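Single-structure report; data block below.
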Amino acid sequence: MSYGEPVNDSHPAPRPAAAPSRRKDARRNQETLLDAAATVFVAKGVDAPVRDIAAEAGVGLGTIYRHFPTRADLVIAVYRHQIEACAEAGPELLAAGPAPYDALRRWIDLFVDFLVTKHGLAAVLQPGNADFEALHAHFLDRLVPVCAALLDAAADEIHSDLTAYELMRAVGNLCIGADTDPRYDARRMVGLLVAGLRRPRG
Numbered sequence: 234m235s236y237g238e239p240v241n242d243s244h245p246a247p248r249p250a251a252a253p254s255r256r257k258d259a260r261r262n263q264e265t266l267l268d269a270a271a272t273v274f275v276a277k278g279v280d281a282p283v284r285d286i287a288a289e290a291g292v293g294l295g296t297i298y299r300h301f302p303t304r305a306d307l308v309i310a311v312y313r314h315q316i317e318a319c320a321e322a323g324p325e326l327l328a329a330g331p332a333p334y335d336a337l338r339r340w341i342d343l344f345v346d347f348l349v350t351k352h353g354l355a356a357v358l359q360p361g362n363a364d365f366e367a368l369h370a371h372f373l374d375r376l377v378p379v380c381a382a383l384l385d386a387a388a389d390e391i392h393s394d395l396t397a398y399e400l401m402r403a404v405g406n407l408c409i410g411a412d413t414d415p416r417y418d419a420r421r422m423v424g425l426l427v428a429g430l431r432r433p434r435g
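In this note's numbering, the protein residues as written are 234 to 435.
Shown next, in the form of structure tokens:
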């Protein structure tokens, strides 16, 4: 599935970068592009014009097409980028303190944001599609261990024997439809779920 938009890009094609600093710059530029795409997707959905993404990232249309030839390629890349950000946040929150339970609660908040703001991924990739299956597997491979580490760290503060997969599945179920129903506050419901994990302070 292509973008269906004409390319009018005055930016020259970048030369291959061999030096480590060039590769680091290229990765940083791609992350900037993916962050911009995620911002536009949250605001306008995955069908947003690619020119809006280019404007948000401060690049030409051709730069986006060279990295991501189709819209599905871009959506997959954004989704994987968000998975990585969510995975990396777990250890960072634990290190920041003040307590493992607080890190778990804050991570679940990030996980809810991630789930609620996918905005139309299913319209681009349907279950049964090989790309969708690979992405779902990556989602579980990266995030279940992070959630498990947070639960283990908070073991003295919580009284639940939930597995990480069960907790993530429960949170995911509470988030279904939250982006389309203004009467439903998924974050409030998930907050009640996570609060119920905590041992009473005595």
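Even glycine gets a Cβ: it sits at the ideal position worked out from N, Cα and C.
Only a predicted model underlies this, so the values are computations on that prediction, with no experimental measurement involved.
- Message: Out of 284, 307, 392, 423, which one is the CA nearest neighbour of residue 264?
- Response: Per the Cα distances, 307.
- For residue 314, which residues from the same chain have a beta carbon less than 8 Å from its beta carbon, with the 5 sequence-adjacent residues on both sides left out? Excluding five sequence positions before and after residue 314, the CB atoms of its chain that fall closer than 8 Å to its own CB belong to 264, 267, 268, 271, given in chain order.
- Own chain, CB closer than 8 Å to residue 376, minus 5 neighbours either side, in chain order: Excluding its 5 nearest sequence neighbours in each direction, residue 376 has C-beta neighbours in its own chain below 8 Å: 316, 319, 320, 344, 401, listed in chain order.
- Counterpart residues of residue 409 in DSSP-defined beta bridges: Residue 409 pairs with nothing; no bridge assigned.
- When DSSP labels each residue in this structure, what does residue 431 get in the three-state scheme? In the structure shown, residue 431 sits in a strand (DSSP, three-state: E or B).
- Buried or exposed (CB count within 10 angstroms, at least 16 for buried), residue 413: Counting every other CB atom within 10 Å of its CB across the protein chains shown gives residue 413 a total below 16, marking it as exposed.
- Give the single residue among 409, 428, 332, 419 whose Cα lies nearest to the Cα of residue 385. It is 332 whose Cα lies nearest to the Cα of residue 385.
- Message: Assuming the contact rule is C-beta atoms closer than 8 Å, residue 407 and residue 419 should be a hit. Round their C-beta distance to whole Å, please.
- Response: Contact holds; Cβ gap of about 6 Å.
- With DSSP as the reference, please indicate the residues paired to residue 391 in a beta bridge. 431.
- Query: With distances taken from CA atoms, which of 312, 430, 424 is nearest residue 387?
  - Reply: Check the Cα spacing between residue 387 and each of 312, 430, 424: the tightest is with 430.
- Task: Determine the extent of the alpha helix (DSSP H) in which residue 283 is found, giving its start and end residues.
- Result: Element bounds for residue 283: 283-290.
- Task: Can you tell me which of the three DSSP states residue 333 falls into?
- Result: Residue 333 falls in the helix class under three-state DSSP.
- Task: Please work out which residues of its chain come closer than 7 Å, Cβ to Cβ, to residue 289, disregarding the five sequence neighbours upstream and downstream, and give them in chain order.
- Result: For residue 289, the CB contacts under 7 Å within the same chain, skipping 5 residues up- and downstream, are 269, 272, 273 in chain order.
- Item | N-terminal and C-terminal residue of the alpha helix (DSSP H) that residue 372 is part of | For residue 372, the enclosing alpha helix (DSSP H) has its first and last residue at 363-386.
- Cα-Cα separation, residue 394 to residue 281: When only Cα atoms are considered, residue 394 and residue 281 end up about 42 Å apart.
- Message: Comparing C-alpha positions only, which one of 338, 254, 409, 349 sits nearest to residue 276?
- Response: Ranking 338, 254, 409, 349 by Cα distance to residue 276 puts 349 first.
- Item | Cβ neighbour criterion (16 or more within 10 Å) applied to residue 416 | So residue 416 ends up on the exposed side.
- Message: Here's the rule I'm using: 16 or more other beta-carbon atoms within 10 Å means buried, otherwise exposed. How should residue 373 be labelled?
- Response: Exposed.
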